[in-house]
Amino acid sequence: MFCNQCEQTAHGTGCVDTGVCGKDPDMQSLQEILLYGLKGMASYAHHARRLGMTDENVSAFIEEALFATVTNVNFDMDSLFEMVLECGRQNLRVMELLDAGHAKCFGKASPATVYEGTKAGPGILVTGHDMLDLEDILKQTEGTGVNVYTHGEMLPAHMYPELRKYKHLAGHFGGAWQKQKKEFAEFTGAVVATTNCILIPREEYKDRLFTTRATAVPGAKRITSNDFSALIECAKQCAPLPDAPVKETTVGFHHGVILSLAGEIVEAVKAGKLKHFYLIGGCDGAEPGRNYFSEFAANTPKDTIVLTLGCGKYRIRDNDFGTIELGAAGAIPRLLDMGQCNDAYGAIQVAVALSKAFDCGVNDLPLTIVLSWFEQKAVAVLLTLLALDVKGIRIGPNPPAFVSPNVFKILQDKYDLKLTSTKDPMTDLKETLSV
Ligand code: SF4
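Going by the working numbering, the residue at position 126 of the sequence shown is 126; the numbering climbs one at a time, nothing skipped.
Structure representation (C-alpha cells):
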C-alpha cells in the first residue's frame with residue numbers, strides 16, 4: 001500500500017505529506033519513538049491486566065496515541081513531542097499498576113537468597129516476565145517431582161513470598177536473553193518463554209520449547225490457556241538435570257525494602273559515609289560497547305550504592321561489590337537488585353523519597369542513571385524518566401536508530417541526555433563523582 005501523496009513509500013514509513021517522502025525525518029522519528037514507547041507500555045499493561053490491574057485512562061491514551069501515528073493525523077512537532085512525554089507519564093502509571101499487581105498476587109517483596117544452578121531430576125525453565133504463568137506452573141507441578149527454575153527476567157520472582165513458598169521452585173539458571181541459545185541447549189529439561197526476548201530456537205531444543213499466549217516462535221509449542229500439562233509431560237520425558245550448583249545470590253531489594261532503610265540511608269549520606277547512588281540497568285544485548293556498563297559498575301567507589309534492574313543486571317552482577325555499613329541497619333550489599341525492568345517504578349519511588357528527605361529536586365541528588373537499552377520497554381522507561389524531567393541520564397551503547405539526529409539534539413539540550421559511546425566509562429564515572 002503506497003502513499004496517496006507521493007506514491008513512493010508505504011504509509012507511515014516516511015511520508016509526511018510534504019509531497020516528497022522522507023523530507024521530515026524528525027516527525028517520523030517522534031512518531032516512531034511514540035510507537036515504540038506504546039509497545040513497551042502495552043507489554044507492561046498486558047501483564048498488569050492479567051494480575052487484575054487496569055486503568056481506563058491508560059487504555060484511552062493508548063488508542064489516542066496510536067491514532068496520532070496514523071499517516072496525516074499529526075505532523076505537528078510540539079504536540080507530538082508532548083504526546084511522547086505523555087506516553088512516559090502513562091507508563092509510570094502502568095508500572096505502578098504492575099508493581100501493585102505483583103504485591104497483591106504474590107505478597108510483599110523481600111530479599112531472598114537464590115540457588116543458581118540445577119538440582120538432580122526433571123525440570124522446567126521459565127523465562128520472560130509473566131509471573132502469573134510461573135505461579136500456574138508451580139501450582140500444577142506441585143507433587144510431580146518436577147523442579148521449576150527461573151531464567152533471565154524471571155529471577156525477581158524469588159523475592160515474592162507467594163512464589164518462593166513452593167519448595168520445588170528450585171533455583172535460577174542462566175543469564176540475559178541473548179545467551180539463551182546456549183543456555184536452553186544446556187538445560188536438558190523443558191523450557192517455557194512467557195514473553196518477548198525469545199529467539200528463534202535451535203534444532204537441538206525446539207522440541208522441548210514452549211511459549212505462552214502472545215509469545216510464539218517457529219518450532220515451539222504455543223500454550224494459549226493456563227493449562228501447562230503438555231509442558232509438564234515434556235519435562236518428565238526429557239533427560240533429568242544434574243545436581244550442579246553454580247553459586248548463591250541475593251535478590252529482592254524492592255523499593256519497599258530500600259525505603260524501609262531510608263532513615264539509615266539519609267544518616268549515612270549526611271555523615272559522608274555514602275557518597276553516591278548509581279542506577280545501572282535496563283535491557284541487555286549482544287552488541288559491542290556493552291562492556292561500558294560492566295566496567296562502569298565494577299569501578300564505582302566502595303562508599304556508593306549501585307541499584308540495578310532489568311536483564312542489564314547480568315552485565316554487572318558477577319562482580320563482587322561487597323557491602324556498605326548503614327548504621328543501625330548494619331551492612332547491606334552495595335549492589336541492590338530491584339527486579340525486572342518495570343521495577344524502574346521502584347527506583348523512581350526511591351529517588352522521589354530521597355529528594356523529599358534532602359529537600360531537593362531529583363536532579364540535585366547524588367544519583368546517576370546509566371540505562372542500557374535494547375527494546376521497546378526500555379524506550380517506555382526512558383520516556384517516563386524524561387517526562388519526570390530527570391536530567392543527565394546516560395544511555396547506550398548506541399543511540400536508537402529511530403531517533404533522528406535533530407530529535408536526539410533536542411533531548412540532549414532539554415534533558416542533558418548523554419551517550420555511553422562518546423566517552424570511556426572511567427571518564428564518565430569520574431565526572432559523576434566530581435559534581
Ligand atoms: S530487560 Fe529488556 S531485553 Fe531484558 S528481558 Fe526484559 S524486555 Fe527483554
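Built from N, CA and C at the ideal position, the CB exists for glycine as well.
Keep in mind it's a predicted model, so treat the numbers as computed, not measured.
In whole angstroms, what separates the C-alpha of residue i from that of residue j?
i: leucine 429; j: leucine 259; result: 26 Å
i: valine 266; j: glutamate 325; result: 13 Å
i: cysteine 197; j: valine 269; result: 38 Å
i: threonine 323; j: alanine 329; result: 12 Å
i: alanine 214; j: alanine 193; result: 10 Å
i: phenylalanine 402; j: glycine 37; result: 12 Å
i: cysteine 21; j: arginine 202; result: A caution first: cysteine 21 carries a pLDDT of 49, below 50, which makes its placement in the model unreliable, though a value can still be read off. Looking at the two C-alpha atoms, the distance is approximately 40 Å.
i: leucine 85; j: glutamate 204; result: 44 Å
i: alanine 220; j: leucine 231; result: 11 Å
i: valine 114; j: aspartate 207; result: 29 Å
i: leucine 365; j: serine 434; result: 13 Å
i: serine 225; j: proline 405; result: 45 Å
i: threonine 212; j: lysine 182; result: 21 Å
i: glycine 175; j: glutamate 264; result: 32 Å
i: methionine 338; j: lysine 139; result: 25 Å
i: aspartate 76; j: aspartate 24; result: 11 Å
i: lysine 409; j: phenylalanine 61; result: 27 Å
i: threonine 427; j: threonine 150; result: 36 Å
i: serine 483; j: histidine 172; result: What the structure shows of the chain is the stretch from 1 to 435, and residue 483 is not part of that stretch, so it cannot be assessed.
i: arginine 222; j: histidine 102; result: 24 Å
i: asparagine 342; j: glycine 272; result: 31 Å
i: glutamine 180; j: leucine 199; result: 8 Å
i: aspartate 320; j: glutamine 28; result: 44 Å
i: lysine 104; j: aspartate 136; result: 16 Å
i: aspartate 227; j: asparagine 299; result: 47 Å
i: glutamine 31; j: glutamine 412; result: 18 Å
What span of residues does the alpha helix (DSSP H) with residue i cover, start to end?
i: lysine 104; result: 77-106
i: glycine 40; result: 25-50
i: phenylalanine 228; result: Run containing phenylalanine 228: none; DSSP gives neither H nor E here.
i: alanine 357; result: 344-357
i: alanine 185; result: 180-186
i: lysine 206; result: 203-206
i: histidine 255; result: 255-259
i: asparagine 438; result: Since the displayed the chain opens at 1 and closes at 435, residue 438 lies outside it and no answer follows.
Which stretch, first to last residue, makes up the beta strand (DSSP E) that contains residue i?
i: glycine 282; result: 276-282
i: threonine 432; result: Here threonine 432 belongs to no beta strand (DSSP E); instead the alpha helix (DSSP H) covers 425-434.
i: aspartate 337; result: 335-339
i: lysine 247; result: 244-251
i: leucine 309; result: 304-309
i: threonine 323; result: 323-325
i: asparagine 441; result: Residue 441 is absent from the model: the chain starts at 1 and stops at 435.
i: tyrosine 115; result: 112-118
i: valine 370; result: 367-372
My assumption, with CB atoms under 8 Å, is that residue i sits in contact with residue j. Please give the rounded CB distance.
i: leucine 382; j: leucine 371; result: 6 Å
i: aspartate 130; j: threonine 195; result: 6 Å
i: proline 111; j: valine 257; result: 6 Å
i: alanine 93; j: aspartate 55; result: Sequence inspection shows arginine at residue 93; the alanine mentioned does not correspond to that position. About 6 Å; that satisfies the 8 Å criterion.
i: valine 146; j: histidine 168; result: 7 Å
i: aspartate 442; j: leucine 261; result: Limits of the chain in this structure are 1 at one end and 435 at the other, which puts residue 442 out of reach.
i: valine 73; j: phenylalanine 67; result: 6 Å
Contact the segment 96-103 vs the segment 33-53: 3+ CB pairs below 8 Å: yes
The segment 155-163 contacting the segment 251-258, beta-carbon criterion three pairs below 8 Å: yes
At least three beta-carbon pairs within less than 8 Å, the segment 278-287 to the segment 110-121: no
Segment contact flag, the segment 235-244 with the segment 331-342, C-beta cutoff 8 Å, min 3 pairs: no
Given 8 Å, three or more beta-carbon pairs between the segment 358-373 and the segment 388-395: yes
Touching by the beta-carbon criterion (3+ pairs, under 8 Å), the segment 163-179 and the segment 348-359: no
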